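Peer 1:
Number of protein chains: 2
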Amino acid sequence: MLISHQTNYLRHLLILLVAVWIAPAYAADPLPSWNNAASKASIISFVERVTKPGSKDFVAPGERIAVFDNDGTLWSEQPMYFQLFFTFDRIRALAPQHPEWQEKPAFKALLDGDMKAVMAGGTRALFEMVVAANAGNTTEEFNKIVTEWVATARHPKSRRPFTEMVYQPMLELLTFLRASGFKTYICSGGDVSFMRAFSERVYGIPPEQVIGSVMKTSLGSAKDPLAIVIQPQLDVNNDQEMKPVSIQRVIGRRPIFTFGNSDGDQAMLEWTAAGSGARFMGLVHHTDGEREVAYDRTSSIGKLDKALDEAKAKGWTIADMKQDWLVVFPAEKR
Amino acid sequence: MLISHQTNYLRHLLILLVAVWIAPAYAADPLPSWNNAASKASIISFVERVTKPGSKDFVAPGERIAVFDNDGTLWSEQPMYFQLFFTFDRIRALAPQHPEWQEKPAFKALLDGDMKAVMAGGTRALFEMVVAANAGNTTEEFNKIVTEWVATARHPKSRRPFTEMVYQPMLELLTFLRASGFKTYICSGGDVSFMRAFSERVYGIPPEQVIGSVMKTSLGSAKDPLAIVIQPQLDVNNDQEMKPVSIQRVIGRRPIFTFGNSDGDQAMLEWTAAGSGARFMGLVHHTDGEREVAYDRTSSIGKLDKALDEAKAKGWTIADMKQDWLVVFPAEKR
């Protein structure tokens with residue numbers, strides 16, 4: 032061994048001392064923006080059970096994998112997925128170089144400012160725009176483009192940067208889980224390169240812990256044989272049953288803690304629940320029409336219907352935004 | 032903040048104390064199985080430069096990404112890739128349920144014990160066998176199958192388990208890098224689910240840090256709607272220029288330290304070298320015909336030709352197995 036037994040003993044002693052110092056700080060309240068309701072209690076009780084040495088539900092740190100949906104779970108998704116605001120801005124900026132877009136109804140509608148007609152084009156037209164907005168860039172260029180957009184773009188209603196439309200209680204939950212030895216991941220339908228441009232700064236989640244939809248990429252551009260270039264082809268649409276498939280592909284093990292907010296998260300919640308040992312399944316329920324937007328069973332974005340019934344039937348945790356969150360957005364704290 | 036300033040101060044003080052205690056233990060010799068030659072010195076000097084606070088080459092811990100090829104870099108690959116021994120054993124075991132394999136020349140040759148004819152079938156026939164060996168299993172079943180195989184199968188020459196045919200100097204290097212704040216990854220042509228069955232136990236590399244070739248998977252089997260099932264289709268053949276593409280896809284950033292041993296690693300070495308800041312590119316050169324196998328420019332497995340020329344021209348680190356490694360396999364230490 033490289034480290035002597037004596038040094039190891041001292042290290043363990045110090046780690047213990049650190050743990051004893053930190054523990055009371057968290058015990059005070061790791062989730063101050065959560066009301067003292069059932070959802071908060073279920074989170075804290077789960078984390079205690081899987082982290083307490085000697086507990087029958089103890090889970091080794093390496094197996095403490097927590098996965099979060101992004102849109103509607105970590106940040107808002109109304110009036111539409113935030114990535115679409117980016118996509119539309121990008122299409123508008125690129126339009127002068129693409130006269131052929133005038134022939135495509137959805138693109139033309141966007142450039143004419145007719146958002147109703149854009150949305151009438153359906154998912155297929157939207158995917159086509161996402162592809163047009165992203166493809167042709169190197170991954171480094173695209174990261175820069177998103178970083179600049181995030182720094183300047185504003186949410187149409189709040190007029191705040193989109194990265195401030197994140198949920199304060201979920202930021203606290205991410206921090207609490209990491210302090211409890213969890214590795215926190217995003218698993219979202221959003222494009223992986225889009226989310227990676229801000230996930231570390233905003234959520235403390237590094238790029239390698241972001242799972243999302245993936246466009247094909249290849250090595251080599253006209254200018255740089257060692258650049259990785261985004262191709263105009265969607266490889267993985269990371270929604271519904273693709274979420275567990277992508278998690279297994281990237282992480283190689285089943286999470287023990289999964290949080291979502293829509294029927295698109297149902298498969299990964301069920302897959303999490305089906306593993307052995309202690310499990311936590313959670314849903315954000317958008318019930319607050321004043322501080323955010325109230326929507327669930329009939330919403331075209333973030334529809335929560337079957338997963339809500341299943342959560343109630345199986346006793347999954349439901350974070351009722353209106354009842355359970357003392358603060359929704361970080362700005363309310365200031 | 033959840034942690035008070037005072038607690039934070041105490042934490043930093045303690046972390047500093049731990050660092051001071053550990054440092055001399057490593058300074059003694061983090062790489063005892065490496066001869067005191069140029070390759071060892073280049074590793075240690077690189078790690079010092081990127082980890083020393085205030086150094087102009089300092090790299091933040093999150094950016095300290097190190098990537099290793101597996102076959103021929105972390106473990107042996109002669110007389111053929113170890114995964115093929117698994118594949119052949121699996122084909123033999125499954126043959127009674129597959130009378131149609133008698134009609135396929137390469138499969139029939141294998142079942143008849145004619146290895147020369149198997150190899151004459153070329154890469155395509157081998158891929159077909161890998162697909163046949165893996166597909167149809169759930170990822171959990173497959174993990175169990177590989178785990179059992181690894182526990183019992185033996186290398187034809189050494190008669191040791193394949194997982195003991197790992198290179199002791201590289202195990203020390205992995206440990207040294209992790210102790211220096213690096214995140215260590217595998218990026219190999221081997222199947223990702225195959226490697227994940229032993230990577231943590233053998234290399235200390237958890238499943239989420241293993242990048243490899245990938246077969247398509249899907250959710251739901253006849254028996255279990257929540258099982259993830261390996262499909263009979265190769266999705267990514269992780270060799271050559273696909274290595275940087277896969278690294279970007281999984282990690283989302285460029286490694287600063289990459290070690291390979293063949294022309295199949297050239298693209299990821301060049302891609303690593305092309306990043307900004309301090310960079311380490313290394314090759315294992317199989318020069319030891321006594322303790323292992325001597326091969327390079329003309330080998331059909333692990334051919335090292337163009338990458339060797341490039342390494343020499345550009346001053347990349349070359350670990351000459353015969354000259355630079357005091358110990359090759361862990362068993363020699365006992």
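Chains S and L, in that order, give the protein sequences.
Numbering of the first sequence is given in our numbering, commencing with residue 32 and proceeding in unit increments.
Numbering of the second sequence is given in our numbering, commencing with residue 32 and proceeding in unit increments.
Just so you know, even glycine gets a beta-carbon here, dropped at the ideal spot from N, CA and C.
All figures in this text were calculated on a predicted structure; none of them were measured in a lab.
So, is P238/L buried or exposed, given that buried needs 16 or more other C-beta atoms within 10 angstroms?
Peer 2: Under this definition P238/L is a buried residue.
Peer 1: Helix, strand or coil for A163/S, going by three-state DSSP, please let me know.
Peer 2: Correct three-state label for A163/S: helix.
Peer 1: Find the residues of chain L that neighbour T248/S, judging by a C-beta separation of less than 7 Å, and give them in chain order.
Peer 2: Residues of chain L passing the Cβ test: V276, Q279 and R280.
Peer 1: Return the CA-CA distance between W106/S and Y198/S, expressed in angstroms with no decimal places.
Peer 2: Each residue's Cα considered, the two are about 6 Å apart.
Peer 1: How should G291/L be labelled, buried or exposed, when 16 other C-beta atoms within 10 angstroms of its C-beta is the threshold for buried?
Peer 2: Result: buried.
Peer 1: Tell me the residue span of the beta strand (DSSP E) that contains V314/S.
Peer 2: The question names Val, yet the displayed sequence has Leu at residue 314/S. Per DSSP, L314/S belongs to the beta strand (DSSP E) from F311 to H316.
Peer 1: In chain order, what residues of the same chain have a beta carbon less than 8 Å from the beta carbon of R284/L, not counting five sequence neighbours either side?
Peer 2: Here the set comprises E94 and I96.
Peer 1: So that I know if they touch, is there some Cβ in chain L lying closer than 9 Å to that of P238/S?
Peer 2: It does; some Cβ of chain L falls within 9 Å.
Peer 1: 9 Å is my cut-off, CB to CB: does A298/L come that close to chain S?
Peer 2: Closer than 9 Å to some Cβ of chain S, the Cβ of A298/L qualifies, so yes.
Peer 1: So what does DSSP say about L232/L, is it helix, strand or coil?
Peer 2: Leu is not the amino acid found at residue 232/L; the sequence shown has Arg there. The answer is helix: DSSP assigns R232/L an H, G or I state.
Peer 1: Bridge partners of I242/L, per DSSP?
Peer 2: BP columns for I242/L point to C218/L.
Peer 1: Return no unless some Cβ of chain L is closer than 9 Å to the Cβ of I217/S.
Peer 2: False, the Cβ-Cβ gap to chain L never drops below 9 Å.
Peer 1: Excluding five sequence neighbours on each side, which residues of the same chain lie with their C-beta closer than 7 Å to the C-beta of I278/L?
Peer 2: Closer than 7 Å at Cβ, skipping near neighbours: V98, C218, I242, P286 and M299.
Peer 1: Going along chain L in order, which residues have a C-beta closer than 8 Å to the C-beta of V241/S?
Peer 2: Here the neighbours are G283.
Peer 1: Compute the distance between the beta-carbons of A137/L and A126/L, then report whether it is under 9 Å.
Peer 2: No, these two residues do not count as a Cβ contact at 9 Å.
Peer 1: State the Cα-Cα distance for the pair L33/L and P256/S, rounded to the nearest angstrom.
Peer 2: For L33/L, the predicted structure reports a pLDDT of 42, less than 50, and the residue's modelled location is therefore unreliable. A value from the coordinates is still provided. The alpha-carbon atoms of L33/L and P256/S are separated by roughly 47 Å.
Peer 1: Cα-Cα, which of G346/L, G144/L and Q297/L is closest to S70/L?
Peer 2: Cα-wise, what sits closest to S70/L is G346/L.
Peer 1: Could you give the distance in angstroms between the alpha-carbon of N269/L and the alpha-carbon of E323/S?
Peer 2: Cα to Cα, N269/L sits roughly 45 Å from E323/S.
Peer 1: Check the C-beta distance from V81/L over to F89/L and give it rounded, since I have them as a contact under 8 Å.
Peer 2: Going by Cβ atoms, the distance from V81/L to F89/L rounds to 6 Å, so yes, they are a contact pair.
Peer 1: Please name the residues in the segment 249-264 of chain S whose beta-carbon is closer than 9 Å to at least one beta-carbon of chain L, in chain order.
Peer 2: Flagged, chain order: S249, L250, G251, D255, P256, L257, A258 and I259.
Peer 1: Based on Cα-Cα distance, which residue from Y234/S, F193/S and S230/S lies nearest to L204/S?
Peer 2: Comparing Cα positions, the closest option is Y234/S.
Peer 1: Do we get a CB-CB distance below 9 Å when we pair R227/L with the residues of chain S?
Peer 2: So yes, R227/L belongs to the interface.
Peer 1: Which same chain residues, not among the five before or five after R227/S, have their C-beta less than 8 Å away from its C-beta?
Peer 2: N174, P238 and V241.
Peer 1: For A305/S, name the three-state secondary structure that DSSP assigns.
Peer 2: Here A305/S sits in coil by DSSP.
Peer 1: Which value, in whole angstroms, describes the spacing of the CA atoms of N165/S and R310/S?
Peer 2: Between N165/S and R310/S, the C-alpha separation is close to 37 Å.
Peer 1: Say the cut is 8 Å; is the CB of T154/S nearer than that to a heavy atom of the ligand FAD?
Peer 2: As far as ligands go, the structure on display features none, and thus does not contain the ligand FAD.
Peer 1: Using a C-beta cutoff of 9 Å, does W302/L count as contacting chain S?
Peer 2: Yes, contact with chain S.
Peer 1: Residue range of the beta strand (DSSP E) that D266/L falls in?
Peer 2: Note, D266/L: beta strand (DSSP E), I259 to V267.
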